Each structure stands twice: as C-alpha cells, then as structure tokens.
Amino acid sequence: MQSSLKKSLYLGLAALSFAGVAAVSTTASAKSYATAGAYSTLKTDATKRNVEATGTNALYTKPGTVKGAKVVASKATMATLASSKKSADYFRAYGVKTTNRGSVYYRVVSMDGKYRGYVYGGNSDTAFAGGIKSAETTTTATNPTKLQNYYLKDVSKNTLWTAPKYTQYKASKVNLYGASKTDPFKVDSAATKTREGSLYYHVTDVNDSSISGWIYAGKGYDATATTQDLGGLSLTVSDAAATADNSVKVVYRDATTKAVVGTSDTWITAATGTKSGDAVKSTELNAAKQNLSAFVLATKPANYKVVTNSGTGDAATYVAPSTTQYGSTLYVDVTATATSKINLNVDKVNNITNGDNTTTDVTNPLTKGTKLTSSDVTVKGFDSTLLDGTKGDSISNLAAISTSLKGAILTGTKTYYDANGAAYHYEFALTDDSVFASDNRAANYGDTLNAYYTATLKKDAASTTTSNDSWIG
175 MQSSLKKSLY
185 LGLAALSFAG
195 VAAVSTTASA
205 KSYATAGAYS
215 TLKTDATKRN
225 VEATGTNALY
235 TKPGTVKGAK
245 VVASKATMAT
255 LASSKKSADY
265 FRAYGVKTTN
275 RGSVYYRVVS
285 MDGKYRGYVY
295 GGNSDTAFAG
305 GIKSAETTTT
315 ATNPTKLQNY
325 YLKDVSKNTL
335 WTAPKYTQYK
345 ASKVNLYGAS
355 KTDPFKVDSA
365 ATKTREGSLY
375 YHVTDVNDSS
385 ISGWIYAGKG
395 YDATATTQDL
405 GGLSLTVSDA
415 AATADNSVKV
425 VYRDATTKAV
435 VGTSDTWITA
445 ATGTKSGDAV
455 KSTELNAAKQ
465 NLSAFVLATK
475 PANYKVVTNS
485 GTGDAATYVA
495 PSTTQYGSTL
505 YVDVTATATS
515 KINLNVDKVN
525 NITNGDNTTT
535 DVTNPLTKGT
545 KLTSSDVTVK
555 GFDSTLLDGT
565 KGDSISNLAA
575 ISTSLKGAIL
585 TGTKTYYDAN
595 GAAYHYEFAL
605 TDDSVFASDN
615 RAANYGDTLN
625 AYYTATLKKD
635 AASTTTSNDS
645 WIG
C-alpha cells in the first residue's frame, strides 16, 4: 500500500512540475505588440522633408513595435548612413503612422531608393525626432564674379539636373532638347552638396530660358587663375577688359519704384576703334555674339521681364535706345514676373469593380480630397509657360490653361498592392466642369489655382515616365 501511495505521489508531483514549467514557459514567450493607426501622407513642401538618420533606431517594414515588423536596415546600418559623406544616403520622409502607444513612425526612402521603410520619429507627427532629423542637403555658395559666357562641355559626362544629384528625391536630368552646343549659359546661383562639399552652379540657357538646371562646377570660376576647373562647364570665349571706350554698364530697375533690381552687368564690344561718347550700333557684338539689346535680355534678373520701348512687358521686342553711348550707363526698366502653381486635387476615386459588384481593395488607396504632388504623378503635355506672367496681374488665359490641362496625361508613379500582391497604379482625368474652383476666375499670376481629378485604379506596373512638374502646387 505504501508502495502504491509513493507511486501516486511521485506521479502527482511530476504532473505538477510539468504544469508549472509549461506555465512559466508560456508566460515567458508572451509578447505585447503595439498597433499602428492609419497611414497619412505628409503634405508639406517635399523639399522641406529631407532628413538624415541619427543612428539611434533601425528601419523597419512596419512601425518597429508592430507585430510582423521586419528589419530593413539595422541600427548599425542606420548609424553608418548617419555618418555617411554621400548625399545618396539622405532620406525623404513622405508618410507617417502613429501607434496606440503614442510613438510616431515616419515612412522614408533613401535618396538613391536603396532603403525604404518606417523609422521611429519621436512622439510628434509635425517634427522629426528619434531616428531621423531634418537635413539641409545643399548649402548656398557665393556666385562667381563672372556670370556670362559659360558653355556645356560634354553633356554625356556632366549635364544639367533639376537639383544636384541625390540632394532631392528623384532629382533628374534636364531635357536639353532645343539647346545648341553653341548656346551660352548664365550662372544665377551656386550651392555645394553639404556632405560631399562639391560645387554646383545653377545655369540658364541665354537663348532659351526654359532650359536651366544645376551642373557640377569643379572648383568654380577663379578670376586670378590662368586655367579654369569648371567641371561640366567651359569658358570658350572671354570679354576684353571694360573701358569707357568699349563698354556700356547695364543697370536694371523696377519700372514703378525705379529701385535697382539685382546686380549690374557690363556689355563689352568685340569691335575695335570705338570711343567713349560714340553711339552703340546694333551691329556691334560682344564676344558671345550679342548686340546690346540681346545682352540686356540675356542678363536680366531672374523672375523679371524687360519693359519694352512701347511700355509693355513683351521682352522679346526690346531694343536698346539708339542714343546709348560707349562709357555710359543704360537703365533698363523691368517688372516682376511670377509663376502660378496648380493644386491637383482628387475629386473622385474609381477602384476596379469585380464581377461580384465589389471594388478592389488596395493598401492605403487614394481618397477624395487628397492633394497630389510631383512625387505622386508625372504630367505629359501640359504647357506650364501659360502660368507665367507679370506678378499681380490678373490671369487672362484661364481658358487656355484649362484646355492644356484637359489635353495633358497624368499618370501615377506610386504602386499600390491588393491582398494577393497584385500591383496597381492610378491614372487621372479632369473631373467634368471642375477644372478650377470658382474663386480662381479672378486669380493673379503667382496665385495657386485648383484643378480636380478623378483617380482610376489600373492593374499594371506604375509608370516610370519623368517630367518637370515644378508648377504643381
């Protein structure tokens, strides 16, 4: 009997021990996960959302404390990116989620597109903190003393960019269609890439102001050097020294206030035998093959247009006064110009209807009221020059802008996925009779207009077309 009792006791203790171990094991493996709220697209100016890693947090496929989050870039990798000397390792923030614990996670993508995911950003969705901080990807540099007569050296090696490469997300090469190899360029600003320290000039084609962009400038123009290291630029012509016998100083001033605008420029003739007090002839050219009238148009301050002799702002017809003399100062009246922006608003959303009268569900679909940015869509066929005019003047060509928008093709650049992993993107068409809000009918140049679109889901890969959509609000 005692033997039987012992066996029962041992078995009971063993069972209790096993149950205790199981209970401890279950408790030890349990983990409490956070839940993430709805995804929100950041709406502020994209160029103000450049950030860099701090190295304190990893990058995840989901907010890091949410179940199923996987590491995209470890904390060590993010620390390496934080100390990187390459602009490609900056990030652009474009979305945000907040967990039920109050932690904010920003969705970011590296400038080269290599890394994309969520990084802890502190406890506020209006300020970057935690694993990222705001970054100034470029630093303003001093303009060279010589601004004229630059030429593109070899566009296959160094060409124009919408921004110095990797200092803005999706910075792209500028379309040089229509530019001649002999076109002179004017420098209007300079900047260095903050991490690399490399110098870039922003230049504009003197013969076609729609062609402009940033180009690597080597060490930059040095007035004391016998040879120039200008990166992708060259100086194939040079002006003679300015004297009273061969030059005219050009000063730009506001047509209304007569205040001086921008910096003065000096036109120097390539002709010989001219003397101070002689009238400047329209046939006399400078080293860049420009007569005085052409030089005035080429050197006018950015965002201004020259007032013609007839008092209008049609700069293309400007002619320098025939009384202009060598050794004198020519005062040229200008008026400020402005480019209007257009907000591209989603007015309706059409997702694909299935045979059972249900619509296709994709992750984070577009919704009515979404404002599209140039990172959301590419635009082909819109004449953005219609948005340029004298600052403050009433926009008189709204009908032409509307017609151009109707003929333009807007294609979404973002890919959306359904539950089965199928890829979709949106295409956009102007909503009937909703081209502009009614208050835009009295808009002035420089104001922001509103256009309204129907977004339709398409089942195929997103477009890779690029375009210059700086006019998008």
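Under our numbering, the first residue of the sequence shown carries the number 175, and numbering increases by one thereafter.
Think of the CB as a built atom: it goes at the ideal place given N, C-alpha and C, for glycine as much as any other residue.
Owing to the predicted nature of the structure, the values given are computational and were not obtained by experimental measurement.
Residue-level contact to chain D via CB, residue i, 8 Å cutoff
i, result
"SER450", "The question asks about chain D, but that chain is absent: this structure has only one protein chain."
Neighbourhood of residue i by C-beta, 6 Å cutoff - its chain only, sequence neighbours within 5 removed
i, result
"GLY566", "ASN618"
"LYS726", "Any answer about residue 726 is impossible in this case: the structure gives the chain only from 175 up to 647."
"GLY276", "ASN297"
"ALA414", "ILE442"
Coil, strand or helix - residue i by DSSP
i, result
"ILE133", "Since the displayed the chain opens at 175 and closes at 647, residue 133 lies outside it and no answer follows."
"ASP634", "coil"
"ALA661", "This structure gives no information on residue 661, because the portion of the chain shown stretches from 175 to 647."
"ASP567", "coil"
"ILE442", "strand"
"LEU326", "strand"
"SER261", "helix"
"ILE648", "This structure leaves residue 648 out entirely; the chain is present only between 175 and 647."
"LEU321", "coil"
"LYS222", "helix"
"SER558", "helix"
"ALA418", "coil"
"THR235", "coil"
"LYS463", "coil"
"THR272", "strand"
"ALA345", "coil"
"THR448", "coil"
"LEU623", "strand"
"ALA364", "strand"
"LEU604", "strand"
"ALA256", "helix"
"THR513", "strand"
"ALA251", "Before going further, note that residue 251 is Thr rather than Ala in the sequence given. Residue state, collapsed to three classes: helix."
"THR473", "helix"
"THR314", "strand"
Close Cβ partners of residue i (< 7 Å) along its chain, the five nearest in sequence each way excluded
i, result
"ASN332", "ILE389, TYR390, GLY405 and GLY406"
"TRP645", "THR513, LYS515, ILE516, SER558 and LEU561"
"GLN402", "TYR395, ASP396 and LEU409"
"THR312", "PRO338, THR341, ALA365, THR366, LYS367 and THR368"
"ALA472", "LYS360, VAL380 and GLN464"
"TYR505", "VAL425 and ARG427"
"THR221", "GLN342"
"SER496", "ALA453"
Cβ-Cβ separation, residue j to residue i (assumed contact under 8 Å), whole Å
i, j, result
"GLY551", "THR585", "Here the sequence assigns Val to residue 551, which means Gly is not the residue at that position. Rounded, the Cβ-Cβ distance is 6 Å, consistent with contact."
"ALA603", "VAL523", "With 8 Å as the limit, ALA603 and VAL523 do not qualify as a contact, their Cβ atoms being about 12 Å apart."
"GLY387", "THR336", "6 Å"
"TYR213", "GLY291", "Their Cβ separation, rounded to whole angstroms, is 13 Å, which puts TYR213 and GLY291 out of contact at 8 Å."
"THR215", "TYR268", "7 Å"
"LYS652", "THR440", "Residue 652 is absent from the structure shown; the chain starts at 175 and stops at 647."
"THR228", "LYS307", "6 Å"
Residue i classed as buried or exposed, judged by whether at least 16 other C-beta atoms fall within 10 angstroms
i, result
"VAL195", "Reliability fails at VAL195, whose pLDDT of 42 lies under 50, so the model's placement of it is uncertain and no value is given."
"ASN624", "buried"
"TYR374", "buried"
"ASN594", "exposed"
"LEU631", "buried"
"SER284", "buried"
"ALA573", "exposed"
"THR316", "exposed"
"GLY620", "buried"
"LYS474", "buried"
"GLU310", "exposed"
"GLY352", "exposed"
"VAL245", "exposed"
"VAL493", "exposed"
"THR564", "buried"
Cβ shell of residue i (< 8 Å), same chain only, five flanking positions each side left out
i, result
"THR272", "ALA210, GLY211, VAL278, TYR279 and ASP299"
"TYR165", "There is no way to answer for residue 165, as the model of the chain reaches only from 175 to 647."
"ALA204", "Note on ALA204: pLDDT 47, under 50, position unreliable in the model; no value is reported."
"PHE302", "VAL225, ALA267, TYR280, GLY295, GLY296 and SER308"
Residues that DSSP places opposite residue i in a beta bridge
i, result
"ASP428", "VAL508"
"ALA227", "ILE306"
"GLN499", "ALA453"
"ILE385", "According to DSSP, which records beta bridges pairwise, ILE385 is partnered with nothing at all."
"VAL283", "ARG266 and ARG290"
"ALA597", "TYR591"
"LYS545", "ASN519"
"VAL246", "DSSP output for VAL246 lists no bridge partner at all."
"LEU373", "THR366"
"THR527", "THR533"
"ASN618", "SER568"
"ASP379", "PHE359 and ASP382"
Closer than 7 Å: residue i CB and nearest the ligand FAD heavy atom
i, result
"GLY371", "Looking at this structure, you won't find the ligand FAD or any other ligand, since it has none at all."
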